[in-house]
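Q:
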Amino acid sequence: MSPAIKQIIERLASWPQEDQEELAEVAREIEARRTGVYVATADELSALDEAERSGIASEEAVEAAFRSFRHR
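With the working numbering as the guide, the letters of the sequence shown map in order to residues 20 to 91.
(1) Can you give me the Cβ contacts of residue 37 inside the same chain, cut-off strictly under 6 Å, excluding the 5 residues immediately before and after it?
(2) Taking 9 Å as the cut-off, decide whether the C-beta atoms of residue 70 and residue 61 are in contact.
(3) Are residue 51 and residue 57 touching if we call contact CB-CB under 9 Å?
(4) Please list the terminal residues of the continuous alpha helix (DSSP H) segment that includes residue 45.
(5) Alpha helix (DSSP H) containing residue 28: first to last residue?
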C-alpha cells in the first residue's frame with residue numbers, strides 16, 4: 020500500500036459520514052473497472068425495487084439492471 024493511501028486511511032475516521040460514503044463509492048467504481056464486477060449498494064438496490072413497485076420501471080427493466088450488476 021502506498022504511503023499516501025496509508026495517510027488518508029488514518030484520517031478517514033475524522034471525515035463526515037457523507038464524505039466516507041463518497042470515497043467508498045469511488046473505490047467500488049475503481050474495483051468494478053479493475054475486476055469487471057460491480058456490487059450494487061443497498062441504496063441502488065432499494066431504488067430499483069422502488070422503481071419497479073411504483074411502475075417507473077418495468078419488471079424486465081429492473082431485472083436487466085440486476086443482471087448488469089451481476090456481470091460487470
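By construction, the Cβ of each residue, glycine as well, lies at the ideal position given by its N, Cα and C atoms.
A: Taking the coordinates as given:
(1) none
(2) no
(3) yes
(4) 36–54
(5) 22–31
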